[in-house]
Amino acid sequence: MVRYLLGRLAQAALTLLLVSAAVFAGLRAMPGDPAVLLAGEDPDPETVAQIRAELGLDRPVPVQYLVWLGRMARLDFGESVRTGLPVSDTLLTRLPVTLELALLSLLVAAVVGVLAGVAAAVRQGRPTDWAANAGALLGLSVPNFWLGLMGVLLFAVVLGWLPASGYVPPSESLTGNLAGMLMPALVLGTGLAAVVMRQTRSSMIEVLGSDYIRTARAKGLSPARVVLVHGLRNSMVTVLTILGLQLGALISGAVVTEQIFVLAGFGNLMVESVFTRDLPVVQAAVLVTAAGYVLVNLAVDVCYSLVDPRIRIQGGRS
Amino acid sequence: MSPALPRPALAAVLAVPLLLPLAACAPLVDPVAAADEERSSVRAPLADGGELVVGLDAEPDALDPTLSTTLVGRQVFAGMCEKLYDVDAESGLVPQLAAGDPVVSGDGLEVRVPLRTDGVRFNDGTPFDADAVVRSLDRHREMPGSTRATELDAVQDVRAEGEDTVVLRLSRPYAPLQSILADRAGMVMSPAALEAHGEDFARDPVCVGPFRFAERVAQDRIVLEKSPEYYAADEVHLDRVVYRPIPDDSIRLANLRAGQLDVIQEVGPTDVAQVSREDGLVLLNQPSSHYMGMTINLRDPDGIGADPRLREALALSLDRETINEVAFGGVYQPACGPIPPISEYADETVLACPGHDPGRARELVAESGAEAPVPVELMIPNDPVNILLGQTVQAMAAEAGFAVRLEPTEFASSIAAAQAGDFEAYISGWSGRPDPDGNIASFFTTGGANNYSGHSDPEVDALIEDAAAATDPDERQELYDELVPRMQEANAVVYLYRQRYYVAHRDGVAGVELYPDGLIRVAGAGRTAAAAGDGG
Amino acid sequence: MTATATPARRLLRNPAGAFGLALTVLLVGAGLLAPLAAPHDPAAVGFDRLYAPPSWASPLGTDELGRDQLSRILYGLRASVLIGVAAVLMAAAVAVPLGLAAGYYRRVVDPVVSRLNDAVMAFPFLVLAVGLAAILGPSPVNAAVAIGVSQVPNILRVMRGEALRLSGEQFVDAAVAGGAGDAAVLFRHILPNAANALLVQVTVGIPAAIIAEAMLSFLGLGVQPPTPSLGVMLSSAQSTFAQAPWLAVFPGVALVLLTLGFNLLGDGLRDALDPKGAQR
Chain D
1 MVRYLLGRLA
11 QAALTLLLVS
21 AAVFAGLRAM
31 PGDPAVLLAG
41 EDPDPETVAQ
51 IRAELGLDRP
61 VPVQYLVWLG
71 RMARLDFGES
81 VRTGLPVSDT
91 LLTRLPVTLE
101 LALLSLLVAA
111 VVGVLAGVAA
121 AVRQGRPTDW
131 AANAGALLGL
141 SVPNFWLGLM
151 GVLLFAVVLG
161 WLPASGYVPP
171 SESLTGNLAG
181 MLMPALVLGT
191 GLAAVVMRQT
201 RSSMIEVLGS
211 DYIRTARAKG
221 LSPARVVLVH
231 GLRNSMVTVL
241 TILGLQLGAL
251 ISGAVVTEQI
261 FVLAGFGNLM
271 VESVFTRDLP
281 VVQAAVLVTA
291 AGYVLVNLAV
301 DVCYSLVDPR
311 IRIQGGRS
Chain G
1 MSPALPRPAL
11 AAVLAVPLLL
21 PLAACAPLVD
31 PVAAADEERS
41 SVRAPLADGG
51 ELVVGLDAEP
61 DALDPTLSTT
71 LVGRQVFAGM
81 CEKLYDVDAE
91 SGLVPQLAAG
101 DPVVSGDGLE
111 VRVPLRTDGV
121 RFNDGTPFDA
131 DAVVRSLDRH
141 REMPGSTRAT
151 ELDAVQDVRA
161 EGEDTVVLRL
171 SRPYAPLQSI
181 LADRAGMVMS
191 PAALEAHGED
201 FARDPVCVGP
211 FRFAERVAQD
221 RIVLEKSPEY
231 YAADEVHLDR
241 VVYRPIPDDS
251 IRLANLRAGQ
261 LDVIQEVGPT
271 DVAQVSREDG
281 LVLLNQPSSH
291 YMGMTINLRD
301 PDGIGADPRL
311 REALALSLDR
321 ETINEVAFGG
331 VYQPACGPIP
341 PISEYADETV
351 LACPGHDPGR
361 ARELVAESGA
371 EAPVPVELMI
381 PNDPVNILLG
391 QTVQAMAAEA
401 GFAVRLEPTE
411 FASSIAAAQA
421 GDFEAYISGW
431 SGRPDPDGNI
441 ASFFTTGGAN
451 NYSGHSDPEV
461 DALIEDAAAA
471 TDPDERQELY
481 DELVPRMQEA
491 NAVVYLYRQR
501 YYVAHRDGVA
511 GVELYPDGLI
521 RVAGAGRTAA
531 AAGDGG
Chain P
1 MTATATPARR
11 LLRNPAGAFG
21 LALTVLLVGA
31 GLLAPLAAPH
41 DPAAVGFDRL
51 YAPPSWASPL
61 GTDELGRDQL
71 SRILYGLRAS
81 VLIGVAAVLM
91 AAAVAVPLGL
101 AAGYYRRVVD
111 PVVSRLNDAV
121 MAFPFLVLAV
131 GLAAILGPSP
141 VNAAVAIGVS
151 QVPNILRVMR
161 GEALRLSGEQ
171 FVDAAVAGGA
181 GDAAVLFRHI
191 LPNAANALLV
201 QVTVGIPAAI
211 IAEAMLSFLG
221 LGVQPPTPSL
231 GVMLSSAQST
241 FAQAPWLAVF
251 PGVALVLLTL
261 GFNLLGDGLR
271 DALDPKGAQR
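Protein chains in written order, with UniProt numbering: chain D, 1 to 318; chain G, 1 to 536; chain P, 1 to 280.
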């Protein structure tokens, strides 16, 4: 197990190194010099050159990359080019917003998806099953940015029932926070709920048809107990995997959801910072996002391999 | 995996999106009403105390007067950093930390600025004096990366004369100097804070001002609190001012309506008419010098820039009134030249407009011998409003025989392309300067930093230089009357429209002032006594 | 459902699948035939008919420049379909050989390909799209490239799994024993047997790609105005929703119907190609 874990950690580190090199190279291939943007509306070449030197942009790209890697190793994220504030502060103010959004929508997806999936499996072929399937299909087909747009326009702009506003920290007002996050979490959770529902349904059907469930039923256990204790527990492994796999989709979904609901989250920060060529912020934010993705998947794999040791032999998911 | 769906379920799936269109179908509101009514502030008896939350349209950049480059950053400085001179409600220049107008020597090369010494202190308690002014001006001029250095280019040397006068030696006579000292170059930073933070002044900026910097949470808020050191502290009503960046126009407005914000910068053009009539909200409205123009690349041998007839045809094809109607609901102002109507130099000649003449435009295209439709690549900013503007221009130019291809480009890339001369036509904006020179020199002088068109005419260069050096207003007027028509003839920049500033606040607030520089002044703002009474 | 029925028959007998096929054919057809089907020129601006509500002349109303929305939606469907399909095909062209090789050469190729695949998956898609738009300029082609890159991991994983599964099968061992070269084994024996899984993954990938395209265009990174695109139309409808809701609603409905068609078709295909799974 320890060897397996070390191997996976090494793989994760390699993945992150690849991501960091890609983002570094990509940012430097972009037209638009951060120094020119910083030099203001009326830039003169001297000022621009000075700023380039200050930012270290006059050095060869590989050198810049190594310097940056060295700093990252010491957890020094540098300073935002635009605001002059430490990047770590910026990331830390933005991270809770995105984490809350992601967790709430996971919650929506898990609760709605699992309940609908179980109900559909238990009532296979009946109206409940059809309704759940139709709902899942719609959930998969409606682009979440359009759903969000309609939500904002209808509930916030036209009806005025919900705030369209940005983020209210829970420390300021818990109800305000939840009211503000309700729509984004629902919108982001919809597509995921559909995936979870379908997966839960099919694995439940499989489990319910399996021998040991039949045995349990034959022993006289109540149907509800069979479904809840045996069926659900077994299908949770599948659901967990799906959630891990969908994390990437969740992250890019969060970026767009944040844009539409004007939540000052991580996604918004990354896109904004690309536009303002705030390179240190983009580099750090992309790396943190990728690290989150890699670590969650690692955790899912490890959990999974504890449940089912065969996975380990393969050295990863297939 | 999924079983066959029976038809009723399908019907249910399809019904949901099809029912949505039945939601409200109201007619468009009449957008032109109330747009012209100028208002810089409302007055009411104010209560002391309370907090004012201001919604900004972007995250401010570094809060360092030497490095700052954005209008949104200046909004925050307006609450905490006073300047040697200020702009008044009529766009005139008035002393702020200076004690009177600058005294210019006969040859125009020495400028003496008298300073206030009547108990003025920085917000950390350090006394304000001539040495502090010299130190700030030197930092503006010399710190690596200073964006003030170009503005103060004409200044050769600054020295203190006693405690209450600074003397600026110029390398050439420079009329715009006073207006430049009414912006960030005229902000004076506390020497103690500069000592403590050096280049990181933005971490804890200290100036002379009604409010002092309290905290900044990146991407979330900037908090200022009432300064006990301020020389006119007894005229300041508020305890705190909080600035929050909320980039989306409609969301910012929704927050104002919901009471989460008290003041918002920039009401979107489509919302102006509605807000002006809305109970509970007050719309402030000021003309500005902020314009959008279409720069044509004169150095592009294959483009329309190479042929003056095609440039003129493109300019004549544009109907600025309709552009204003379609893209901005009629709430902005058509613009034809670099000098805004609010300028003291805006006479008839300077404001004259070549106008809309599609017939003449078609003739010019025919005369040029180019095969119609003449292709034009137009680079535009990639936001919805500018894309609408671009499409409007495209439709109008088509009438005159141009096939405009739009290239929406994000800001940083467009600057790079413009600087490299890698464009044919480019719509971009300029936030405007109070002095005419700030809207002309950089764009038309050979080699100017913003001269993307590559315009180069020694006579124009000389006129620009003379106008900037002329200290007699009548002489300057004559020079601009000669210069502006020449610029228009060149059609290197085709001016499109001039923005107006629309700021809104709740009616429980008064004393918020908006001037033509677009800055929201909060020094005299407060909660109305009536609203404070209601609140208990 | 008889065991002898061909997949095509099974698909048509499944009402949801058949409906999905019909919807897909209808909308894709309408889009591809937009030049014939559109009642008006989608680019014809009319400053005297801005924001006209739906009427006989313009059944779905007109937009902020007085253009006919029905015509624009038809052209928009065309852009969506072309970009979505192109993105997935590009992704398949990259992912199929890499996935097969990774699944077959597990010692040498797999570690490299899998790490790269992980890196692509861990990279935030929107940053990639924004970056590509900044480097290459926003355009339909670059949007398709960005979407294609984001689709590679899904297809690659499926193909790798198939190659893993099939390389253990007897007929592959037989082919290797018979002296078939690696390329022959991969492309003549493994690929044909993985074709069903690939077809299903591609059909599922297209609606995802269409949604991604609309999203990028919505954010100003894909199709550029005045070329009609559903995402662009939604983006410009945002600020005038209260006055002209039809501009935000109809393009969205068209988008939902298009992706719904592909999703139903994808489910139907999966069931039809995998009779065992369909019994569930």
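The C-beta atom is built at its ideal place from N, Cα and C for all residues, glycine as well.
Going by CA-CA distance only, name the one from Phe123(P), Gly179(P), Leu128(P) that's closest to Leu216(P).
Sequence index remark: in the third sequence, residue 216(P) carries index 216 (1-based). For the residues Phe123(P), Gly179(P), Leu128(P), the minimum Cα distance to Leu216(P) belongs to Leu128(P).
Helix, strand or coil for Gly316(D), going by three-state DSSP, please let me know.
Counting from one through the first sequence, the residue named residue 316(D) turns up at place 316. In this prediction, Gly316(D) scores a pLDDT of 39, lower than 50, which makes its location untrustworthy; no coordinate-derived value is stated.
From what residue to what residue does the beta strand (DSSP E) around His140(G) run?
Counting from 1 along the second sequence, the entry for residue 140(G) is found at position 140. Unbroken run through His140(G) is the alpha helix (DSSP H), 130-142; no beta strand (DSSP E).
Have a look at Ala242(P) and Leu153(D) and give me their C-alpha separation to the nearest angstrom.
What you label residue 242(P) is simply residue 242 of the third sequence in a count that begins at 1. What you label residue 153(D) is simply residue 153 of the first sequence in a count that begins at 1. Their backbone Cα atoms lie some 8 Å apart in a straight line.
Cβ neighbours of Ser171(G) in the same chain (closer than 7 Å, five flanking residues each side left out)
Translated into the one-based positions of the second sequence, residue 171(G) becomes position 171. Here the set comprises Ala154, Gln156.
For Ala120(D) and Phe19(P), what's the separation of their Cα atoms in angstroms?
Along the first sequence, read from residue 1 onward, the residue named residue 120(D) stands at position 120. Along the third sequence, read from residue 1 onward, the residue named residue 19(P) stands at position 19. Approximately 22 Å, taken between the alpha carbons.
Proximal residues of chain D, C-beta to C-beta of Gln238(P) below 7 Å:
As a first step, residue 238(P) must be located in the third sequence, where it is residue number 238. Ordered by position in chain D, the residues that pass the 7 Å Cβ test against Gln238(P) are Leu149.
Nearest neighbour of Ala29(D), chosen from Ala53(D), Leu57(D), Glu41(D), Ile213(D) [CA to CA]:
Within the first sequence, numbered from 1, the residue matching residue 29(D) stands at position 29. Sorting Ala53(D), Leu57(D), Glu41(D), Ile213(D) by C-alpha distance to the C-alpha of Ala29(D) places Leu57(D) at the top.
Taking Cβ positions only, does Pro143(D) come closer than 7 Å to chain P?
Translated into the one-based positions of the first sequence, residue 143(D) becomes position 143. It does: the Cβ of Pro143(D) has a partner Cβ on chain P nearer than 7 Å.
Looking at Gly145(G): is its Cβ nearer than 7 Å to the Cβ of Gln246(D)?
Working through the second sequence from its first residue, we reach residue 145(G) at position 145. Working through the first sequence from its first residue, we reach residue 246(D) at position 246. Result no, Cβ atoms of Gly145(G) and Gln246(D) do not sit closer than 7 Å.
Out of Val149(P), Ala208(P), Leu260(P), Val256(P), which one is the CA nearest neighbour of Ala92(P)?
The residue you call residue 92(P) lines up with position 92 of the third sequence. Per the Cα distances, Val149(P).
What residues from chain D crowd round Gln477(G), counting only those whose CB sits closer than 9 Å?
As a first step, residue 477(G) must be located in the second sequence, where it is residue number 477. Correct list: empty, because the minimum Cβ distance to chain D is about 24 Å.
Quick check on DSSP: helix, strand or coil for Arg51(P)?
Locating residue 51(P) in the third sequence gives position 51, where the first residue counts as 1. The sequence shown places Tyr at residue 51(P), not Arg. When DSSP states are grouped into helix, strand and coil, Tyr51(P) belongs to the coil group.
With a 10 Å radius around its C-beta and 16 neighbouring C-beta atoms as the bar for buried, classify Thr15(D) as buried or exposed.
As a working note, residue 15(D) is residue 15 in the first sequence. Buried, by the Cβ-count rule.
Which residues, in order along the segment 15-45 of chain D, keep a beta-carbon less than 9 Å from a beta-carbon of chain G?
Of all residues in the segment 15-45 of chain D, only Met30, Pro31, Gly32, Asp33, Pro34, Ala35, Val36, Leu37, Leu38, Ala39, Gly40, Glu41, Asp42, Pro43, Asp44, Pro45 come within less than 9 Å of chain G when Cβ atoms are compared, listed by chain position.
Relative to the alpha-carbon of Lys226(G), which residue among Arg216(G), Asp57(G), Gly209(G), Asp239(G) has its alpha-carbon at the smallest distance?
Locating residue 226(G) in the second sequence gives position 226, counting from the first residue. Ranking the options by Cα distance to Lys226(G), first place goes to Asp239(G).
Given a cut-off of 7 Å on the beta-carbon distance, is the pair Asn285(G) and Glu38(G) in contact?
By 1-based counting over the second sequence, the position of residue 285(G) is 285. By 1-based counting over the second sequence, the position of residue 38(G) is 38. A distance below 7 Å separates the beta carbons of Asn285(G) and Glu38(G).
Chain D beta carbons: is any one of them nearer than 7 Å to that of Met233(P)?
Numbered from its first residue, the third sequence carries residue 233(P) at position 233. No, Met233(P) does not count as interfacial toward chain D.
How would you list, in chain order, the residues of chain D whose beta-carbon sits under 7 Å from the beta-carbon of Val217(G)?
As a first step, residue 217(G) must be located in the second sequence, where it is residue number 217. Near Val217(G) (Cβ distances below 7 Å), the residues of chain D are Thr93.
By DSSP, does Gly536(G) sit in helix, in strand, or in coil?
The residue labelled residue 536(G) in the question sits at position 536 within the second sequence. Below a pLDDT of 50, predicted positions are generally treated as unreliable, and Gly536(G), at 40, falls in that range; no measurement from the model is reported.
Just mark Pro35(P) as buried or exposed, buried being the case when its beta carbon has 16 or more other beta carbons within 10 Å.
As a first step, residue 35(P) is located in the third sequence; it is residue number 35 there, counting from the start. Classification of Pro35(P): exposed, given that the 10 Å Cβ count is below 16.
On the DSSP letters alone, give me the boundaries of the beta strand (DSSP E) that Asp302(G) sits inside.
For this step, residue 302(G) is matched to residue 302 along the second sequence. Careful: Asp302(G) lies outside any beta strand (DSSP E) and carries neither H nor E.
To which residues of the same chain is residue 340(D) closer than 8 Å at the C-beta, ignoring the five residues directly before and after it?
This structure leaves residue 340(D) out entirely; chain D is present only between 1 and 318.
Roughly how many angstroms separate the alpha carbons of Ala196(G) and Ser190(G), rounded to a whole number?
Against the second sequence, residue 196(G) aligns to sequence position 196. Against the second sequence, residue 190(G) aligns to sequence position 190. Rounded to whole angstroms, Ala196(G) to Ser190(G) spans 10 Å at the Cα level.
To which residues of the same chain is residue 357(D) closer than 7 Å at the C-beta, ignoring the five residues directly before and after it?
What is shown of chain D runs 1 to 318, which leaves residue 357(D) out entirely.
Gln50(D) versus chain G: which residues are under 7 Å apart at the beta carbon?
On the first sequence, residue 50(D) is found 50 positions in, with the first residue counted as 1. Pro144, Gly145, listed in chain order.
Gln178(G) (DSSP reduced to helix, strand or coil):
Here residue 178(G) is taken as the residue at index 178 of the second sequence, counted from 1. In the structure shown, Gln178(G) sits in a helix (DSSP, three-state: H, G or I).
Do we get a CB-CB distance below 7 Å when we pair Gln419(G) with the residues of chain P?
As a first step, residue 419(G) must be located in the second sequence, where it is residue number 419. Cβ-Cβ to chain P under 7 Å: no for Gln419(G).
By a C-beta neighbour count over all protein chains shown, 10 Å radius and 16 as the cutoff for buried, is Ser171(D) buried or exposed?
What you label residue 171(D) is simply residue 171 of the first sequence in a count that begins at 1. Residue environment: Ser171(D) is assigned as exposed (fewer than 16 neighbouring CB atoms within 10 Å of its CB, all protein chains considered).
Can you name, in chain order, every residue of its own chain whose Cβ lies under 7 Å from the Cβ of Met1(D), other than the five neighbours on each side?
Sequence index remark: in the first sequence, residue 1(D) carries index 1 (1-based). Cβ within range, chain order: n/a, list empty.
Chain D within 7 Å of Val81(P), Cβ atoms only:
The residue you call residue 81(P) lines up with position 81 of the third sequence. Answer no: the Cβ-Cβ gap between Val81(P) and chain D never drops below 7 Å.
Residues bridged to Leu224(G) (per DSSP)
Against the second sequence, residue 224(G) aligns to sequence position 224. According to DSSP, Leu224(G) bridges with Phe213(G), Val241(G).
Once the 5 residues before and after Thr165(G) are set aside, which same chain residues still bring their CB inside 8 Å of it?
Here residue 165(G) is taken as the residue at index 165 of the second sequence, counted from 1. The residues Arg112, Val113, Pro114, Leu115, Ala130, in chain order, have a CB closer than 8 Å to that of Thr165(G) in the same chain once the five nearest residues on each side in sequence are set aside.
Around the C-beta of Pro473(G), are 16 or more other C-beta atoms found within 10 angstroms, so that it is buried, or is it exposed?
Position 473 of the second sequence, counted from the start, is the residue given in the question as residue 473(G). With fewer than 16 Cβ atoms within 10 Å of its Cβ, Pro473(G) is classed as exposed.
Which of helix, strand or coil does DSSP assign to Cys207(G)?
For the purposes of this step, residue 207(G) is taken as residue 207 along the second sequence, with counting starting at 1. In the three-state DSSP reduction, Cys207(G) falls in the strand class (E or B).
What separation, rounded to the nearest whole angstrom, lies between the Cα atoms of Leu182(D) and Phe261(D)?
As a working mapping, residue 182(D) is identified with position 182 in the first sequence. As a working mapping, residue 261(D) is identified with position 261 in the first sequence. Spanning the two alpha carbons is a distance of roughly 11 Å.
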